[in-house]
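Everything on this sheet refers to the single structure shown next.
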Amino acid sequence: MFEQLQFINQRPEPFSIYTAEELWTEPYTAQQMLSYHLREDVALASRTKETIDKTVLWLQSRFDIGTATSIADFGCGPGLYTSRFAKLGAQVTGIDFSANSIQYARDTAAREQLSINYLQQNYLDFKSDQRFDLICMIMCDFCALSPGQRRQLLGVFHNHLKTGGTLFLDVYSLSSFAQRQEQASYEFR
2 MFEQLQFINQ RPEPFSIYTA EELWTEPYTA QQMLSYHLRE DVALASRTKE TIDKTVLWLQ
62 SRFDIGTATS IADFGCGPGL YTSRFAKLGA QVTGIDFSAN SIQYARDTAA REQLSINYLQ
122 QNYLDFKSDQ RFDLICMIMC DFCALSPGQR RQLLGVFHNH LKTGGTLFLD VYSLSSFAQR
182 QEQASYEFR
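Taking the working numbering, the leading residue of the sequence shown gets 2, the next gets one more, and so forth.
Have a look at this one:
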């Protein structure tokens with residue numbers, strides 16, 4: 002047991018293990034992630050409803066989002082931003098790894114009669130002939146990627162952004178990292 006604890010407490014090399022597929026596709030974990038996305042009062046998997054509403058209003062005013070705007074939301078989750086963009090009249094595509102989140106987003110769009118193109122796939126592999134006025138990635142997804150994955154994704158963005166288009170990334174600042182402390186904790190269940 003002590004050898005296992007010693008192994009667990011070893012500091013891994015940054016980005017040495019990529020667990021996104023397991024996080025978003027393992028049924029129990031994926032369902033829990035969806036439930037956290039849908040908690041409007043807690044900013045764990047998504048921002049709070051109030052913050053999402055303010056962000057969309059800011060994006061609308063800053064980038065003049067309307068019927069002539071095409072938007073791709075990479076890591077769209079259950080469609081909390083995409084549905085709001087569609088209500089502004091934008092042509093919206095949402096890309097996400099999680100089948101649970103994409104199904105929830107599709108069901109919501111159908112119920113609210115919103116025309117949104119949802120794609121269930123790893124956004125690192127996204128390919129399309131479509132070009133977008135605005136590409137966004139919200140809730141710090143970009144920060145979780147390795148440097149190589151970031152380069153790959155920036156290439157994907159480059160290939161799908163219209164000339165004069167905008168890339169909007171929600172990322173952690175260096176000061177937010179400075180406020181964090183590395184730690185390990187254990188608890189009995």
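Each residue gets a CB set at the ideal place from its N, CA and C atoms; glycine is no exception.
Reference residue i, options the options, closest by Cα
{"i": "Thr49", "options": "Glu23, Gln11, Tyr29, Tyr82", "result": "Tyr82"}
{"i": "Gly80", "options": "Glu4, Lys163, Ala111", "result": "Ala111"}
{"i": "Ser145", "options": "Gly67, Leu135, Pro15, His161", "result": "Residue 145 is actually Ala in this sequence, not Ser. Among Gly67, Leu135, Pro15, His161, the Cα nearest to that of Ala145 is on Pro15."}
{"i": "Met140", "options": "Glu22, Asn10, Ser47", "result": "Ser47"}
{"i": "Thr164", "options": "Thr56, Leu135, Ser84", "result": "Leu135"}
{"i": "Arg85", "options": "Phe98, Leu58, Gln121", "result": "Leu58"}
Backbone secondary structure at residue i - three-state DSSP
{"i": "Cys260", "result": "Because the chain spans 2 through 190 in this model, residue 260 falls outside it and cannot be assessed."}
{"i": "Thr94", "result": "strand"}
{"i": "Ser102", "result": "helix"}
{"i": "Arg181", "result": "coil"}
{"i": "Asp142", "result": "helix"}
{"i": "Tyr124", "result": "helix"}
{"i": "Gly149", "result": "helix"}
{"i": "Glu188", "result": "coil"}
{"i": "Gly156", "result": "helix"}
{"i": "Ser174", "result": "coil"}
{"i": "Glu113", "result": "coil"}
Where the beta strand (DSSP E) containing residue i begins and where it ends
{"i": "Ala73", "result": "71 to 75"}
N- and C-terminal bounds of the alpha helix (DSSP H) containing residue i
{"i": "Ile117", "result": "Unbroken run through Ile117 is the beta strand (DSSP E), 117 to 121; no alpha helix (DSSP H)."}
{"i": "Pro28", "result": "28 to 38"}
{"i": "Gln5", "result": "3 to 9"}
{"i": "Gln61", "result": "50 to 64"}
{"i": "Ala44", "result": "Counting along the chain, Ala44 falls outside any alpha helix (DSSP H), and DSSP gives it neither H nor E."}
{"i": "Arg12", "result": "Counting along the chain, Arg12 falls outside any alpha helix (DSSP H), and DSSP gives it neither H nor E."}
{"i": "Thr83", "result": "83 to 88"}
Sheet register partners of residue i (DSSP bridge)
{"i": "Phe169", "result": "Cys137"}
{"i": "Leu162", "result": "Phe133"}
Segment contact, 8 Å Cβ cut-off, at least three pairs: the stretch 110 to 117 with the stretch 43 to 60: no
Would you call the stretch 166 to 176 and the stretch 93 to 109 touching, i.e. three or more CB-CB distances under 8 Å? no
Are the stretch 35 to 49 and the stretch 61 to 68 in contact at 8 Å, needing three or more beta carbon pairs? no
Between the stretch 171 to 186 and the stretch 116 to 133, do three or more beta carbon pairs fall short of 8 Å? no
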